[in-house]
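Below is one structure, written out as structure tokens; comments come after it.
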Amino acid sequence: MGAGGGGSKGGGNDMMAYIMMNQQAEATRAENQRALDFQNSILNETRAEKKAELDRIAKKDADRKASGESGRGAYISNVKQRVSSGLIGEESAQKLIQDYYTNYDLTPATDELTGVTDAYQQFAPKKRAAELSALYQRSVGRPATAAELADKQSEMALGRTIGDIEQDIQASTEYKKQRPGSAFEAEQEARYGGPVLDTTGTRTGTYKYNFGATNLPGLSADLVKQIGVTAPSFIGKEFIGSAEEIEGAKKSKNTYESYLYNSGLMALEGNIKQAIGKYEQDQETVRTGKNIQGQLDVEGIRQTGQKAISDFAQLQETERTGKTIQGQKDVENIRQAGQKEITQQTIKGDIRRNREQQAYGLLQGVVGSFNF
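Its first residue numbered 2, the sequence shown is counted upward by one per residue in the numbering used here.
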């Protein structure tokens, strides 16, 4: 009994453990599934984002290619126009087109590259002619002849460069005749001007020196007439001669300038002295005139003052005389008015006395008529 019971209990524990293990395993599987699902969702999102980015890049590339394709004709035409105008050369034009193909991922077209070459071939003769004309003008001082242009262009078409042709010209007799034979000759030409050539173009050892008149002192016509200056015949002209003759002419010019300057100063000094003398004389005349005028002005002021004093005194006397007469008139008027007043008062008194006497007489008569 005891042993059997113990076995039953042990079996129950095993069952419980088995169930718990199954539950644990199930939970683990569920957790693993959730983790897997999460990973799959992350992967799906990543794939979606990558696909969207690839689609965006593909669309961008497609749009860029479409844009390049749409502007392809205009760009090629512009490159050809620049080649035809001499703005760029054939190699530069070819590189520009190749770069355009690369930038827009376009398929190169042989006819477009050939068109650039054709455009350059059409412009090349004009370019070579311009380069040759400039080279001849720069090297020998004249434009190239038609025969020289045709001959040199043919050489350049065969591969010779403008530098090669320049070396040919510099080796020619014409070029050497127009260049100084030594450093001394070059210095002389720089100092005195361009050399004088004979009919064959050979240097004669003489030079052209311009003795301009613009750097000379200027004199007025009146001053020139006063000092009688005559300029050397070469002043203001182009003097042709050797270096020694030119130096002599320059010394003569300097002497003339010094004489002209000193003569001008002397004439100017004389004019200044004459002007000062005239000014002093004018000042003396002005001073004398001012003295006389001052005396006249003083006398006039004195007479004017004296007349004013006399007029004032006469006015005062007139006022005094008028006041005296008026006073006498006023006194007389007052006297007459007083006398008149006295007379009137006297008359009034006499009348009053007469009336009193008459009244008294009447009164006496009345009284006398009564017999008391």
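Note that CB positions come from ideal geometry on N, CA and C, so glycine has one too.
These numbers were taken from a predicted model, which means no experiment stands behind them.
- Counting along the chain, Leu198 sits inside the beta strand (DSSP E) bounded by residues Pro196 to Leu198.
- Ile241 has Lys209 as its beta-bridge partners, per DSSP.
- Checking the DSSP bridge columns, you'll see Arg192 has no partner listed.
- Of all C-beta pairs linking the segment 145 to 158 to the segment 186 to 199, fewer than three are shorter than 8 Å, placing the two stretches out of contact.
- The Cβ neighbour count for Tyr280, taken over all protein chains shown within 10 Å, is under 16; the residue is labelled exposed.
- Of the other Cβ atoms in all chains shown, 16 or more fall within 10 Å of the Cβ of Ser140; this residue is therefore buried.
- Only buried fits Glu113, as 16 or more other CB atoms lie within 10 angstroms of its CB.
- Using a 10 angstroms sphere on the CB of Ala184, the tally of other CB atoms stays under 16, which defines it as exposed.
- Look at Arg180 here: in three-state DSSP terms it is coil, with no helix or strand label.
- Per DSSP, Asp106 lies in no alpha helix (DSSP H) and is assigned neither H nor E.
- Exclusion of the five residues before and after Pro181 leaves Ala187 and Glu190 as the residues of its chain whose Cβ lies within less than 7 Å of its Cβ.
- Annotation for Ala148: the continuous alpha helix (DSSP H) segment containing it runs Ala147 to Ala158.
- If you look at Gly164, you'll find it in the alpha helix (DSSP H) that goes Ile163 to Gln171.
- Taking the C-beta atoms as reference points, Lys66 is found no nearer than 8 Å to Tyr101.
- C-alpha of Asp351 to C-alpha of Ile326: approximately 37 Å in a straight line.
- Val332 counts as exposed, since fewer than 16 other beta carbons sit within 10 angstroms of its beta carbon.
- In terms of Cα proximity to Leu97, the closest of Thr115, Ile77 and Gly116 is Ile77.
- Shown here, Arg204 sits in a strand according to DSSP, grouped into three states.
- Between the alpha carbons of Ala338 and Gln307 lies a distance of about 46 Å.
- Taken through DSSP and simplified to helix, strand or coil, Leu37 comes out as helix.
- The segment 47 to 60 makes no contact with the segment 69 to 86: fewer than 3 CB pairs, one atom from each, lie closer than 8 Å.
- Shown here, Leu88 sits in coil according to DSSP, grouped into three states, outside any helix or strand.
- A direct Cα-to-Cα measurement between Pro144 and Gly164 gives close to 17 Å.
- With contacts defined by Cβ atoms closer than 8 Å, Leu150 and Leu136 do not form a contacting pair.
- In this structure, Lys209 and Val197 form a Cβ contact; the two beta carbons are roughly 6 Å apart against a cut-off of 8 Å.
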